[in-house]
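Peer 1: Residue numbers (this note's numbering): 288 to 441.
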Amino acid sequence: MTILPDYSQSERAREWTSQAACCLRARTWIPTRSERAIALDVSRGLRYPSNTIPPHSDEPTWWRLQRLARWAPVIRLALLASGRTAPVEMVDLPTSTEAITLADLLTAIYAVADTTEEWHNHYTGAETPEGLGDAECFFHGIGEVLTAVATRDL
288 MTILPDYSQS
298 ERAREWTSQA
308 ACCLRARTWI
318 PTRSERAIAL
328 DVSRGLRYPS
338 NTIPPHSDEP
348 TWWRLQRLAR
358 WAPVIRLALL
368 ASGRTAPVEM
378 VDLPTSTEAI
388 TLADLLTAIY
398 AVADTTEEWH
408 NHYTGAETPE
418 GLGDAECFFH
428 GIGEVLTAVA
438 TRDL
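Have a look at this one:
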């Protein structure tokens with residue numbers, strides 16, 4: 288049996304997402320034109336049609352993993368466009384007075400994206416990752432935040 292990667296980074300990434308949304312609402316983070324363009328491309332590139340809100344437990348596991356595995360390479364490209372590379376280690380959450388950037392947010396969520404990509408790479412059809420439904424919900428929420436960054440509408 289394949290040992291699947293740990294999904295424990297998700298809570299830290301959720302904190303980052305929440306902080307980013309708060310900064311957008313409070314206007315302490317006003318995304319640059321470049322950040323808005325990158326966020327729009329990422330959110331459009333990873334959007335998928337569905338009749339239901341996640342988790343998509345009625346769909347085959349391989350398809351659910353395939354959909355999530357797309358996040359890691361897209362985030363790597365977005366980070367390169369932002370002038371960064373994709374680390375796997377978590378970055379520190381900024382204090383409420385610190386500025387946040389799209390690259391900071393993408394770096395924070397990359398660890399979760401990397402884990403879901405590993406789930407896909409190690410999937411044998413015999414097991415379903417324990418946090419799969421949670422990961423689907425997490426990335427659905429990230430997509431909404433990225434759309435808000437792109438449109439300045441939160």
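Where a beta carbon is used, it is the ideal one built from N, C-alpha and C, also for glycine.
Is it a yes or a no for the stretch 353-361 touching the stretch 404-417, going by three-plus beta-carbon pairs under 8 Å?
Peer 2: Enough Cβ pairs lie closer than 8 Å, so yes.
Peer 1: Among E298, G418, Q353 and R314, which has the Cα closest to the Cα of A386?
Peer 2: The option with the nearest alpha carbon to A386 is R314.
Peer 1: Taking the alpha-carbon of W350 as reference, which of V432, R439, D440 and N408 has the nearest alpha-carbon?
Peer 2: Considering only alpha carbons, the answer is N408.
Peer 1: Looking at the C-beta of S321, does it have a partner C-beta in chain C at a distance below 8 Å?
Peer 2: The displayed structure is made up of one protein chain only, and chain C is not part of it.
Peer 1: Taking DSSP as the reference, what is the three-state secondary structure of I362?
Peer 2: Helix.
Peer 1: Can you tell me whether E431 is helix, strand or coil according to DSSP?
Peer 2: Reduced to three states, the DSSP call for E431 is helix.
Peer 1: How about T388 and E322: are their beta carbons less than 8 Å apart?
Peer 2: In contact: T388 and E322 (Cβ atoms closer than 8 Å).
Peer 1: Who are the near neighbours of T318 in its chain, counting only those whose CB is closer than 6 Å to its CB and skipping five residues on each side?
Peer 2: A quick correction: the sequence has Pro, not Thr, at residue 318. Only V436 meet the Cβ criterion.
Peer 1: If you run the structure through DSSP and keep just helix, strand and coil, what is I396?
Peer 2: The answer is helix: DSSP assigns I396 an H, G or I state.
Peer 1: Can you tell me where the alpha helix (DSSP H) with T411 in it begins and where it stops?
Peer 2: Looking at the DSSP string, T411 is not in any alpha helix (DSSP H), and its letter there is neither H nor E.
Peer 1: If you draw a straight line from the alpha carbon of A445 to that of T348, how long is it in whole angstroms?
Peer 2: No answer is possible for residue 445: the residues shown for the chain start at 288 and end at 441.
Peer 1: Can you give the Cα-Cα distance for G420 and E298, rounded to whole angstroms?
Peer 2: In a straight line, the C-alpha of G420 is about 14 Å away from that of E298.
Peer 1: Can you give the beta carbon distance from W303 to I362, rounded, assuming they're within the 8 Å contact cut?
Peer 2: Not really, about 13 Å apart at Cβ, beyond 8 Å.
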